[in-house]
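Report on one structure; see the data block that follows.
There are 2 protein chains.
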Amino acid sequence: MAEAKENVLMEKIVSLCKRRGFIFQSSEIYGGINGFWDYGPLGAELKRNVKELWWNTMTRQRDDVAGLEATIIMAPQIWKASGHVDTFSDPMIDCKTCKGRFRADQTNEIPCPQKPSKMVSECHGEKTAPRAFNLMFQTYVGPVQDESAIAYLRPETAQAIFAQFKNVLETSRQKVPFGIAQVGKAFRNEVTPRNFTFRSREFEQMELEFFIKPDEAVEAITSSVATPATKGHPCEPQPNWGRQLWHHYWVEERIIFYEGIGLPRTTLEEYWQKPEELAHYARATVDILFKFPFGTQELEGIAARSDFDLSQHERHSGKPMGVFDEELRAAWAKLDDAKKQELSKRYYEKRLKYLTSAGVERVAAEKDAKEDADGLAKGQYVPHVIEPSAGVDRLILALIAHAYTEDQMPDEKGNPETRVLMKFHPRVAPIKAAVLPLLKNKPELVKKALSVRDALRPHMNVFYDDAGAIGRRYRRQDEAGTPFCVTIDFETLEGTKSGSNPGMKDTVTLRYRDDGKQDRVAISELLPLLLEKIR
Amino acid sequence: MAEAKENVLMEKIVSLCKRRGFIFQSSEIYGGINGFWDYGPLGAELKRNVKELWWNTMTRQRDDVAGLEATIIMAPQIWKASGHVDTFSDPMIDCKTCKGRFRADQTNEIPCPQKPSKMVSECHGEKTAPRAFNLMFQTYVGPVQDESAIAYLRPETAQAIFAQFKNVLETSRQKVPFGIAQVGKAFRNEVTPRNFTFRSREFEQMELEFFIKPDEAVEAITSSVATPATKGHPCEPQPNWGRQLWHHYWVEERIIFYEGIGLPRTTLEEYWQKPEELAHYARATVDILFKFPFGTQELEGIAARSDFDLSQHERHSGKPMGVFDEELRAAWAKLDDAKKQELSKRYYEKRLKYLTSAGVERVAAEKDAKEDADGLAKGQYVPHVIEPSAGVDRLILALIAHAYTEDQMPDEKGNPETRVLMKFHPRVAPIKAAVLPLLKNKPELVKKALSVRDALRPHMNVFYDDAGAIGRRYRRQDEAGTPFCVTIDFETLEGTKSGSNPGMKDTVTLRYRDDGKQDRVAISELLPLLLEKIR
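Chains as they are written, first to last, in the numbering used here: chain A, 45 to 579; chain B, 45 to 579.
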């Protein structure tokens, strides 16, 4: 029952997205292409606003984050080092009878193409054993299509950040702790794309890799590593923060970001992965989940990835990824021997664990881990990383699902009517204000309306609409999620005889999307008022 | 001699790009990947600013353009319809002796891999006849790698706009003439990427497809089609504009855009392609060229593409791409018979020319062209299009090359020193203002500087730097292209005894990048002053 209701909601959302130009099926005139979605005029604006706010919050408003914009196609060695070539795959089986290929873990859910009354697991087709199907899209770079020309479309934006870590560090005047931020497309050849834009094959990510000192370095410098008293925001970053507090900090910063664009904390869930759920490189991972109509699903993952990625690239490229930390070197010299030994031992063990898990043989791993521990004493280490990784498309879908509202509002004749409105936060709303002359065929109204449009437009995205009854124009803007409508009417030209501004000319009707209420506002006060509200 | 000087300049630019974090080689730690470039912290900001200004100018500041953000991978039929599958290729030859593959038109320039003293055209290797090598990157979508799963990375963003033309038209409340704008990545498997980022395999485009009425429709509505008196800006769009005037309009609008971001008209060249140079779909094309250090090369192409693309998609998808124009229908009814016949005949002939060139057989083409001409009389047509198509990466390279400046400026001791500065227009400069406390170890200076930083930061990208001598910090900002440095010094805290603000506290030094001059400015006046200058 509940599920049926939620399916209806999803259908309404998908229908509105197409009807109003938020989201179209890619290549729709050719029957579409499964797992690919285009953003129409309203969707493109919504997405730009979200990406711009993320970039501004995560990069421009901070001293400790630098930006990056790397290519989608990179050297294939990157995906070898990251583990994607070897392990980024789903198990697939082939049916020799129908020639179909299916995910081995979904044969109970997929109907047989030849006998749809049975599931693939029940049908009589002869199946192969499961084989790994890599989810990276593959192509060839250069004129010759051989093994050496294979390249991949990046399945995540993160690895480019790791590969360029040293270049950014050396050119941006940053010191650990600091982050590198990137927004961009990624591609995964999902076997079964689903839930509208939630799981698609081409998508966009907003990723921050925030590099921190290993806990042992923090402890050497500040005597002890602070531990979080509770979950929640641990305040401004402090020198004695280790992995745990930085992790808490970023979880909370990200939730504050979502609140700031109109997803209240009550719509989100914080899920701390259990140790057995963690990816092999992760010390801890927190998923921020959103209650989508089709279920509570991940919006963002915030992983403490240790020094795994940089270490992998160091080993695979032969290029050093470590940093020299003068503060650590100076602090280390002042430690007593017992402390030195304790920290060295802990660091040695962590490095040994990484190296053996990465396939380095025991003797060589022990030698390397020893060198790493000796390096720490000289102020050298490979930074650890906290990774807040958000999916743009699923965030857009969350914003759309959360904004979708139906209410009852009287129509022009006073009869109650169901109204669809998109309650976007003004910060992300595709159109901030619609400017509407009451009538199209009154030149004075049109002229005044155009002057209001031109005054607002340099400061915000404005939509000018002069066609149709004013009530219908309001409804169209409600569906587009426009928080403010500005109507130029005869009172604008002549002034009112009563009301809050009796006799005053140059006022407009300011109509609010959410409750349909209307104020009378002087044109001279309109821009500062709207700027305040969309900030 | 001139060439040598320009090579030196290019080398300096490439070196500065890497040294200051504008542009890095993609996957550099793995030896790079030919034809792929990453944007570092300064480059990413520069690129964002340019893309944002383009989007704002072309979309948000206009009533007649809607935005789109489509996928990179689309249905392969799109590239069949556009002609890319059949004709987007370079001729290649294989050498059976050395197994090399070379562009057939470059065999005189490429040394033989086995005998580098000879060119490929002169060596004794046995060569195949030239074969077409398609420049689209190919991949497979879905779990099965067969013919039906082939897809391409888009070689241009334009085709997505044509494919979604009807969806955008129906959802955006636009009427012809109107445009659809898109910014996004495109990919071409260039055989020989070259000239730094100018010709790379992964690049970004900013494209507008501006749809207009066919000239015959304009003439039916407004009696005659206006013709351009001269080149240059033909003023605000008028109802009697046909293809020619819209084309002139967009050429001029685009040049005005370049002027607005710091490329004076004198650095650009307008090149009107000769009839024999035009692509088969183009009625006219204007290239906007920039004088790069390696030669005068295309920055943007503005093509009048007729109704070719929409017509191709109509034929290939079977979905109608025409619009109904009530104004045309009404106007046509009032024409005299001679005029009707004349316009019908002209329209018929143009459609017939398109259809036969598209491979439709004569009899069928005549029938279809007749139907199209009959449609025109009822207010129906497939819109024509003007396409201003700009390359983001080559524009960034142009901005960098134009900004690169060396001058002589005295160092701290008054000795002349060669200074490198990037004279970016403040609108595109990655960092708008640097905030610098004179000394790092004076808490009052640092505290004041941080408060200035925090006051500016919500409004612009600000860089805070407290390390090193103030002169060296200025030089670093000069190289980053930061137009303004704000220094907090002892006068800020105590006031001056002389000068323009004698005795006044809370003033800062505002230092200008281009001439190194310094003003004394009250902190309270700083934000409005800077906002005015970066607008």
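All C-beta atoms, glycine included, are put in the ideal place defined by N, C-alpha and C.
Source: prediction; values computed, not measured.
inquiry  = Measuring straight from C-alpha to C-alpha, what distance separates Thr329(B) and Gln317(B)?
reply    = Thr329(B) and Gln317(B): Cα-Cα distance of roughly 6 angstroms.
message = Taking 8 angstroms as the cut-off, does the region 153–162 of chain A touch the region 242–260 of chain A (at least 3 CB pairs, one atom from each stretch)?
response = Contact fails: fewer than three Cβ-Cβ distances are below 8 angstroms.
request  = Whole angstroms is fine: what's the gap from Arg175(B)'s alpha carbon to Ile137(B)'s?
outcome  = Using only the alpha carbons, I get a separation of about 6 angstroms.
key: Own chain residues within Cβ distance below 6 angstroms of Asn93(A), not counting five before or after   = Val472
task = Please check the pair Ala417(B) and Tyr391(B), which I expect to be a contact at CB under 8 angstroms, by giving their CB distance rounded to whole angstroms.
result = 5 angstroms
request  = Note down the Cα distance separating Ala48(B) from Phe80(B), rounded to an integer number of angstroms.
outcome  = 26 angstroms
query = Should Leu575(A) go down as buried or exposed, given a rule of 16 or more other Cβ atoms within 10 Å for buried?
reply = exposed
inquiry  = Can you check which of these residues, Gly304(A), Leu90(A), Pro281(A) and Asn100(A), is closest to Met504(B) by C-alpha distance?
reply    = Nearest of Gly304(A), Leu90(A), Pro281(A) and Asn100(A) to Met504(B), Cα basis: Asn100(A).
key: Assigned exposure category for Pro432(A) - 16 Cβ within 10 Å defines buried   = buried
Buried or exposed (CB count within 10 angstroms, at least 16 for buried), Asp559(B) = exposed
Reduced DSSP secondary structure (H/G/I, E/B, other) of Ser268(B) = coil
ask   = Roughly how far, in whole angstroms, is the beta-carbon of Ala204(B) from the beta-carbon of His291(B), given that I think they are within contact range, below 8 angstroms?
value = Actually they do not touch by this definition, with Cβ atoms about 23 angstroms apart.
request  = Compare the Cα-Cα distances from Arg519(A) to each of Lys492(A), Leu480(A), Pro502(A) and Lys549(A) and report the closest residue.
outcome  = Leu480(A)
inquiry  = Leu482(B) and Thr531(B) - do their beta-carbons sit closer together than 8 angstroms?
reply    = yes
inquiry  = Can you pull the chain B neighbours of Asn178(A), defined as C-beta to C-beta under 9 angstroms?
reply    = Within chain B, not a single residue places a beta-carbon under 9 angstroms from that of Asn178(A); the smallest gap is close to 10 angstroms.
message = Taking its Cβ as the centre, do 16 or more other Cβ atoms sit within 10 Å of His446(A), making it buried, or is it exposed?
response = buried
request  = Kindly identify the DSSP beta-bridge partner or partners of Trp81(B).
outcome  = Gln69(B)
request  = Could you tell me whether any Cβ in chain B is nearer than 8 angstroms to the Cβ of Asp451(A)?
outcome  = Not one beta carbon of chain B lies nearer than 8 angstroms to the beta carbon of Asp451(A).
ask   = Which value, in whole angstroms, describes the spacing of the CA atoms of Thr526(B) and Ile73(A)?
value = If you draw a straight line from the Cα of Thr526(B) to the Cα of Ile73(A), it is about 47 angstroms long.
key: Distance between Arg555(B) and Asp563(B) (C-alpha atoms, nearest Å)   = 6 angstroms
inquiry  = For Val164(A), would you say it is in contact with chain B, using Cβ-to-Cβ distances shorter than 8 angstroms as the test?
reply    = no
task = Would you kindly work out how many angstroms separate the C-alpha atoms of Cys506(A) and Gly306(A), rounded to a whole number?
result = Correcting the residue identity first, residue 506(A) is Val in this sequence and not Cys. Going by the C-alpha atoms only, they are around 21 angstroms apart.
Three-state secondary structure (DSSP) of Ala402(A) = coil
key: CB of Leu396(B) within 8 angstroms of CB of Glu410(B), strictly   = yes
query = Under 8 angstroms between C-beta atoms, does Lys91(A) make it to chain B?
reply = yes
inquiry  = For Glu251(A), which residues in the same chain have their Cβ closer than 6 angstroms to its Cβ, ignoring the five residues on either side in sequence?
reply    = Thr201, Ala202, Gln226 and Ser433
inquiry  = Using a Cβ-Cβ cutoff of less than 7 angstroms, which residues in the same chain neighbour Trp294(B) once the five nearest sequence positions on both sides are dropped?
reply    = Phe254, Ile346, Ile430 and Pro432
request  = Go ahead and pull the three-state DSSP assignment for Asp550(B).
outcome  = coil
ask   = By a C-beta neighbour count over all protein chains shown, 10 Å radius and 16 as the cutoff for buried, is Lys143(A) buried or exposed?
value = exposed
inquiry  = Under DSSP, the alpha helix (DSSP H) around Gln356(B) begins and ends at which residues?
reply    = Phe352 to Ser361
task = Using a Cβ cut-off of 8 angstroms (strictly closer), state whether Thr101(A) contacts chain B.
result = no
ask   = For chain A, is any of its Cβ atoms less than 8 angstroms away from the one on Val464(B)?
value = Between Val464(B) and chain A, the shortest Cβ-Cβ separation is not below 8 angstroms.
Interface residues of chain A facing Asp509(B) [CB-CB closer than 8 angstroms] = Arg217
ask   = Taking Cβ-Cβ distances shorter than 7 angstroms, what residues in chain A pair up with Ile122(B)?
value = Simply Ser71 and Tyr74.
query = Under the three-state reduction of DSSP, which class applies to Leu465(B): helix, strand or coil?
reply = strand
ask   = Taking all protein chains shown into account, do 16 or more other C-beta atoms lie within 10 angstroms of the C-beta of Arg517(B), making it buried, or fewer, making it exposed?
value = buried
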